[in-house]
Every structure is written in C-alpha cells, then in structure tokens.
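Scroll down for the structure; my scribbles are underneath it.
Okay, structure coming up:
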C-alpha cells in the first residue's frame, strides 16, 4: 500500500513536470499567439514630435521587470541558505545525537535504518541547496545578458534622438538666415538679392528634407526598439515563469525523494518483531531459571526443619523515622537497581 502511494505521488509529479505549461521551457520557446496579441510599436507613440513618453514608459516597465528577476534571484539564494542549514542540522543530529543506542536485535536495525535515511534526507537537502544556487546563477546571467542587449539598443535609439534634435536646430538656423523682410530689402537694393533668397530658401528646404529623413529614421528606429523591447519582455516573462515552474519541480522532487527514504524506514519497522526482540534479550541477559529455595524454620530444641507456613513475626521493633528522600528525583527517572534499593534500606535502618 505504501509503495503504491509513492508510485502515485511520483506519477503526479512527473505529469505536472511535463505538463503543456512547462513543455516550452527555455527563453527562446515563445508562444507565437502571445507575440501577436500586443505590439509595443503600435501602442507607444505620441503626437508631439519631441516627446519620448512612449519610450520612457517601456524602459520603466523593463526596469521593473529586471527588478522582479533580481528579487526572485535573491529569493532562491535565501532559500538555498535555508535548505543548506536544514540539511547540515539533520546530518549533525544523526551523527551526534544518540537515538535508542541500547536497543537490540530487530529494533536496533530499524533505528539504524532510520538514522541513515534521515542522514540521506539531509544530504538531499544539501543537494537541493546547490541546485537552487545554480538556478539563481542562471537567472543572474539571463538578467545581465538582457542588460547588455538593452544598453546597446538604448544607445542606438538615443543617438537617433540626438540626430533628430540637431537636424531640427539646423532647420531653425536655416530659416533665420534671411527673413522675408530682409529678402525684400535685399531685392530692392541689389538685383542679386533674388539669388541669395533662393539660395537661402534652398538651404531651408534641404534642412527640412534632412529633418524629415532623420524623423523617418528615428521613427523606424523607434519601431525597431519597441519590437526589440517587446521580445525581451516576452523572453523575460517566459524565463521567469519557467524558472518558477522548475523551482516547484525541484521542491516536489525533494518531497518524493524524502518519502522514498522514509519508506525504507517503514520497511525496516515492518521487519521489527516484538517476540524476537524479547527472545533475544532473554537469551543475551538471562540470569537463570532456578528461583530461590523456600526459607526453613529451625527450632532450637528440635532439629527438624519445616517450611514456614506463614509470616515470621520476628522481634518487635519500635517506630522509626520516615525513610530518606532521594535527591534530584524527577518524573523521568530510570528504574532503580536492587543495589540502589539496599543502600536506601540501610540508611532507613540506621535512622
């Protein structure tokens, strides 16, 4: 019955570990339906040309996601420390604390199996602590990898923003080279002012075209940045979810391993025989099968010895004081030996 319970629990653990939700383990196994559900590049724009509110909103969310990963990483490290301490305490308990050391025969063997399996449980918790540290290290590496990629994308995006700002300033400078009034005065004073005005207008037009070209480049780069950040966020959520799922698998597996070790203890207890342990104790510690001989009455005037039919009244002894009270008596004292009782009796008679 117990074996079937362990098998059923192992089956449940296996089914949960291999369920569809966890079959996409890995940061690159992203659900295409999730990717199509929402696009950053379609929802983080602003009508104002110089506004970066959409970009700032995405960056803030990515920073919060990075913080969440760091918190989970710290959680795994703390849990690893707890598992390590628990495992070491179990091992020290088994190796330093006696547990039924005077038992004999089958019960002794059952206790030996018990202590060995508790030691094994402690070792398994140490292994779990090492596994959790490895998972925390992987989470840290994933976080740092995304950080490097994000910095690279951010640098390119910010450079495009600077190019856009410089181009816009150039447009304003070009537009201020010759105002309409200045152009009119120049036309009146000098016939060649028309050429200067046309050149100024061409410069202004070129600046506008350059600004538009840079705006298009910036818009394209903004779209690429949004797509890249969305992919990063999908990878982060996917990795985070799978890391948490894997953590639950490790804890479930630890329960299965511990139960298998406890099952070995239960098996050893099933082999324990009360009758055999009693027989073993009698065979090892018996003192003999002949009880004391009957006490005979001897009459001084009659050499015939007869068994005492009743209690010998003995000499009349006066009242004595109360027997001495043993020191340091507790509710959990061991049974007293005969020699200890004789010592107390002698003290009583002396009083």
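Residue numbers (UniProt numbering): 1 to 351. Backbone N, C-alpha and C fix where the C-beta goes; we use that ideal spot for every residue, glycine too.
DSSP state of residue i mapped onto helix, strand, coil
| i | result |
| --- | --- |
| residue 315 | With a pLDDT of 48 at residue 315, under the threshold of 50, the predicted position of this residue should be treated as unreliable, and no value is reported. |
| residue 298 | strand |
| residue 293 | coil |
| residue 39 | coil |
| residue 248 | helix |
| residue 242 | helix |
| residue 101 | coil |
| residue 122 | helix |
| residue 218 | helix |
| residue 262 | helix |
| residue 46 | coil |
| residue 139 | helix |
| residue 107 | helix |
| residue 148 | helix |
Cβ-based neighbour list, residue i, same chain, cut-off 8 Å, excluding 5 preceding and 5 following
| i | result |
| --- | --- |
| residue 151 | none |
| residue 11 | For residue 11, the predicted structure reports a pLDDT of 46, less than 50, and the residue's modelled location is therefore unreliable. A value from the coordinates is still provided. Same-chain partners within the cutoff: there are none. |
| residue 133 | 76, 77, 80 |
| residue 276 | 105, 106 |
| residue 90 | 118, 119, 121, 122, 125 |
| residue 100 | 107, 108, 111 |
Where the alpha helix (DSSP H) containing residue i begins and where it ends
| i | result |
| --- | --- |
| residue 69 | 53-96 |
| residue 275 | 274-285 |
Cβ-based neighbour list, residue i, same chain, cut-off 6 Å, excluding 5 preceding and 5 following
| i | result |
| --- | --- |
| residue 136 | 73, 76, 77 |
| residue 230 | 40 |
| residue 52 | none |
| residue 94 | 115, 118, 119 |
| residue 228 | 153 |
7 Å Cβ shell around residue i - same chain, five flanking residues per side excluded
| i | result |
| --- | --- |
| residue 113 | 264, 265, 268 |
| residue 84 | 126, 129 |
| residue 273 | 106 |
| residue 67 | none |
| residue 131 | 250 |
| residue 69 | 139, 143, 236, 240 |
Buried versus exposed, by CB contacts within 10 Å (16 or more), residue i
| i | result |
| --- | --- |
| residue 226 | buried |
| residue 353 | The chain is shown from 1 up to 351; residue 353 falls before or after that span and cannot be answered. |
| residue 124 | buried |
| residue 87 | buried |
| residue 143 | buried |
| residue 122 | buried |
| residue 2 | Low confidence applies to residue 2: its pLDDT is 42, below 50, so where it sits in the model is not reliable enough to give any reading. |
| residue 302 | exposed |
| residue 80 | buried |
| residue 283 | exposed |
| residue 278 | exposed |
| residue 146 | buried |
| residue 4 | Summary for residue 4: the model assigns pLDDT 48, below 50, so the residue's position carries little reliability, and this model does not support an answer. |
| residue 206 | exposed |
| residue 235 | buried |
| residue 281 | exposed |
| residue 232 | buried |
| residue 221 | buried |
| residue 58 | buried |
| residue 44 | buried |
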